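Participant: The C-terminal residue of the sequence shown carries number 251 in full-length UniProt numbering, and the numbering is unbroken. We put the CB at the ideal spot given by N, CA and C, even for glycine. Because the structure is a prediction, the values reported are computed rather than measured. Before I ask anything, here is the structure I am working with.
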Amino acid sequence: MSLDFTTVLTWTAKPSSYSFTVQYARDEDDWTESLDCIRISDTKCDLTEHLIPYDMNYIADIQTEHLEANYDVENLPHTYSPKFNPLRESNISAVEFSVTQLNETTVCVNITDPLTAIHQKNQQLSIRDILKKDLKYKISYYKSGNTRKRDFESPTSTAEISGLDPGQSYCFMVAAYIPSRAKANQNGALSLEQCTEGDGGILQELSVGAWVGVVFLIITVIIVLVTVIALCCRNPNRNKSLQSTQLSAPV
C-alpha cells in the first residue's frame with residue numbers, strides 16, 4: 001500500500017505466536033533488514049525511508065519465525081512481495097484547489113500540491129518535488145445543468161480556463177495526472193467538486209431531471225385548474241335547471 005510515496009508493506013497472518021522480520025532489496029542488490037521491522041508481531045512495516053531513489057524496482061522479503069522454536073535463518077519461511085516502483089506506482093491522493101473568477105468568460109484554478117511524509121534538509125516534500133515535470137493536473141468541468149464534461153490538462157499548479165459562457169455557473173474537479181506512467185496508474189484520486197456562482201439564479205442551477213420535474217408539476221397544476229374551472233361552470237347551469245323545474249311544478 002503506497003499513498004503519496006508513503007509505502008507500507010502489509011501482509012495477512014493468523015493470530016499466533018509468530019514474529020516477522022522484513023528485508024528489502026533494490027533490483028539485484030543484496031538484502032537489507034528494515035531496522036524497525038525485526039521480529040515484530042505486527043503485520044505491517046513502513047518502508048518509506050528505504051525506497052530511495054524512487055525510480056527503482058524494490059522487493060520485500062517477510063521472514064516468519066515461531067517465538068518458541070529455534071530456526072536456522074536459511075530455513076525460515078519466506079514470503080516475497082511483488083516488485084514495486086514508488087515513482088511509477090504510488091497512488092496520489094485527492095488535491096485541494098480554489099477557483100477564482102477572472103472575468104465573465106475566464107476562471108483561474110489554483111491547485112495545492114499534496115504533501116508527502118518525506119523530509120529532506122528539514123523540508124517536507126510535496127509530490128511535485130518528487131515527480132517534478134512528470135506531474136500534471138487534469139481539470140474536469142461542466143456547465144451547471146449540462147452533463148457533458150470537458151477536460152483541461154495543466155502542466156503547473158495554476159491554470160486559466162477560458163471560453164466559458166458569461167453568467168453561467170460551472171463546476172470543477174481536479175486530479176493529479178502522470179502521463180509517463182502506465183495507464184492504470186496515471187490518475188490520482190478525484191477531488192471534491194467546486195462550483196462558481198452564475199447570474200441566472202436558482203433556475204440556472206436546475207439539472208435536466210429537475211427541469212423535467214418542474215415542467216411536469218406545471219402541467220399537473222394547469223390540468224387541475226382547468227378541471228376545477230370546468231366543474232364550476234357546469235354547476236351554475238345545473239342549479240338554474242333545478243330552480244326552473246321547481247318553479248314550473250304544479251302546486
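Does DSSP put residue 20 in a helix, in a strand, or in coil?
Facilitator: Three-state DSSP puts residue 20 in a strand.
Participant: Determine whether the Cβ of residue 196 lies closer than 8 Å to any Cβ atom of chain C.
Facilitator: Here there is only one protein chain, and chain C is not present.
Participant: Would residue 95 pass as a contact of residue 159 if the rule is Cβ separation under 8 Å?
Facilitator: No.
Participant: Can you tell me where the beta strand (DSSP E) with residue 9 in it begins and where it stops?
Facilitator: Counting along the chain, the beta strand (DSSP E) containing residue 9 begins and ends at 6–10.
Participant: Return the bridge partner residues of residue 66 from the DSSP annotation.
Facilitator: Looking at the DSSP assignment, residue 66 forms a beta bridge with 18.
Participant: Excluding the 5 residues flanking residue 27 on each side, which residues of the same chain have their C-beta closer than 7 Å to its C-beta?
Facilitator: If we look at residue 27 and ignore the five residues flanking it on each side, its Cβ neighbours are 56 and 57.
Participant: Inspect the beta-carbon positions of residue 93 and residue 188 and report whether they are closer than 8 Å.
Facilitator: Contact: yes.
Participant: Ignore the nearest five residues each way along the sequence and tell me which others in residue 66's own chain have a CB closer than 7 Å to its CB.
Facilitator: 17 and 18.
Participant: Are the CB atoms of residue 170 and residue 142 within a distance shorter than 8 Å?
Facilitator: A contact, by the Cβ cut-off of 8 Å.
Participant: Going by DSSP, which residues form a beta bridge with residue 158?
Facilitator: Residue 158 is bridged to 110.
Participant: Starting from residue 87, follow the alpha helix (DSSP H) in both directions and report where the run begins and ends.
Facilitator: Start and end: 86–89.
Participant: Rounding to the nearest angstrom, what Cα-Cα distance links residue 195 and residue 50 in this structure?
Facilitator: If I take the Cα positions, the gap works out to 42 Å.
Participant: Below 8 Å on the Cβ atoms is my contact criterion, and I expect residue 10 with residue 38 to pass it. Report the Cβ-Cβ distance as a whole number of Å.
Facilitator: Between residue 38 and residue 10 the Cβ distance is about 17 Å, and since that is not below 8 Å, they are no contact.
Participant: Using the beta-carbon count (16 or more within 10 Å), is residue 232 buried or exposed?
Facilitator: So residue 232 counts as exposed.
Participant: Does the beta-carbon distance from residue 12 to residue 43 come in below 8 Å?
Facilitator: It is a contact, given that the beta carbons lie within the stated cut-off.
Participant: Can you round the beta-carbon distance between residue 36 and residue 8 to whole angstroms, since I take them to be within the 8 Å contact cut?
Facilitator: About 11 Å separates the two Cβ atoms, so there is no contact after all.
Participant: Given residue 6, which residues of its chain have a CB within under 7 Å of its CB, disregarding the five upstream and five downstream residues?
Facilitator: 48, 116 and 117, listed in sequence order.
Participant: Look at residue 162 and residue 106 and say whether their C-beta atoms are less than 8 Å apart.
Facilitator: Cβ distance < 8 Å, so residue 162 and residue 106 count as in contact.
Participant: Taking 8 Å as the threshold (C-beta atoms), are residue 138 and residue 175 in contact?
Facilitator: Yes, these two residues count as a Cβ contact at 8 Å.
Participant: According to DSSP, simplified to helix, strand and coil, what is residue 103?
Facilitator: In this structure, residue 103 counts as strand in the three-state DSSP scheme.
Participant: Using the beta-carbon count (16 or more within 10 Å), is residue 251 buried or exposed?
Facilitator: At residue 251, the pLDDT of 45 sits below 50, so the modelled position is not reliable and the matter cannot be decided from this model.
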